[in-house]
Structure formats: structure tokens, C-alpha cells
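Residue numbers (this note's numbering): 21 to 166.
Let me begin by presenting the structure, written as C-alpha cells, before commenting on it.
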Ligand code: HEC
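See the structure below:
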């Protein structure tokens, strides 16, 4: 009985692979809709945010293996729903303002997600880079009293 435990575990893990979270594929991506910030900002967004906030997701190997893939794929779906830099021009002004405010608030610590950063050294931002992004977002926030 004891000896078959590893087999049971392997069997369960194998079965889990049948359950995958789908990431919807758009039939058409309009490149005209992409956000167009200064070059240096764009470069940072592409490296640090695009995996979850665009259609250009580079799926990591663990994104194919349940149960990790469930969490990875949920993050991608949620991230894209909240903010997809490639859908930018389709957003109304209110949504854009909400996003700029969200970026200014989250860029110092919670975005990109810390968990993601522990697997993605290349996406890490220095404090200076975070400040650049923050400033850019803040400059785009319109004063409500104007
Ligand atoms: C590993 C995936 C991932 C990466 C990488 C990532 N995000 Fe996110 N982001 C998410 C998810 C998931 C949510 C939705 C969180 C929720 O539903 O609570 C989110 C939400 C947000 C929000 C809204 C947060 C709020 O509560 O106001 C902003 C703004 C944001 N991300 C900006 C960024 C920026 C800027 C980057 C790059 C510097 C980035 N994200 C990188 C997954 C990611």
C-alpha cells in the first residue's frame, strides 16, 4: 500500500493536467490601439507588464503544468481584463484615468506581482525605473477641478 502512494500522487497530478484554464485568443488585434508612451516607458512596460497586460504573453513552462498553470492563467486573464496595453485606444477617458491612477498607486510595490518577479529576473524594475513610470502616470492624471 505504502509503496503505491507515489503512483497515486503521479496519477492525480496526471489527471489534473486535463483541467486547464483557457486564455481567450482574440481573432484580431488592432495594432493601432496600442498605448503610445515615450520610448523608455514603453520599453519598461513591454518587459515588465506585457506578460499579463497585453496579448503578447510569453507563457513560462510552469504555465502549462497544473496546478501552477491555473494560477498563472488566472493572473493573465485578470490582468488583461483590468488593463490591456494593446486595447488602450478602445478605452474611454474615464477608464484611462483609472488606469493611470492605478499605475501610480501600484508601481512602487505591488506591480509587477512580487510572486511573478521571483521567477522573472528580467522583469524586475529598479527604484529609479519605478519612479519614472510613476511620474509618467502622474503626469497623465487630469486634475478633477480643472
Ligand atoms: C504576473 C502577471 C502580472 C504582471 C507581470 C503585471 N500585472 Fe498588473 N495586474 C495583474 C493582475 C492579476 C491584476 C488584477 C488584480 C486583481 O484583480 O486584484 C493586475 C492589476 C493591475 C492594476 C490595477 C490594480 C489596482 O488594484 O488598481 C494595475 C494599475 C496594474 N496591474 C499595472 C501593472 C503594471 C504597470 C505592470 C508592469 C510594471 C504590471 N501590472 C505587471 C497581473 C500582473
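The beta carbon of each residue, even a glycine, is placed where N, CA and C say it ideally should be.
Quick caveat, the model's predicted, so the values are computed rather than measured.
**Request:** Please confirm whether any heavy atom of ligand 1 lies closer than 8 Å to the CB of residue 98.
**Result:** yes
**Prompt:** Say the cut is 8 Å; is the CB of residue 58 nearer than that to a heavy atom of ligand 1?
**Reply:** no
**Prompt:** Any idea what DSSP makes of residue 72, helix, strand or coil?
**Reply:** helix
**Message:** Need the endpoints of the alpha helix (DSSP H) that residue 137 sits in, please.
**Reply:** 134-137
**Message:** Quick check on residue 158: does DSSP put it in helix, strand or coil?
**Reply:** helix
**Beta-carbon spacing of residue 108, residue 116 below 9 Å** = Yes, they are a contact pair.
**Prompt:** CB residue 153 to CB residue 61, shorter than 9 Å?
**Reply:** yes
**Prompt:** Which same chain residues, not among the five before or five after residue 142, have their C-beta less than 7 Å away from its C-beta?
**Reply:** So the qualifying residues of the chain are 67.
**Message:** Quick check: the stretch 36-52 against the stretch 77-97, are at least 3 beta-carbon pairs closer than 8 Å?
**Reply:** yes
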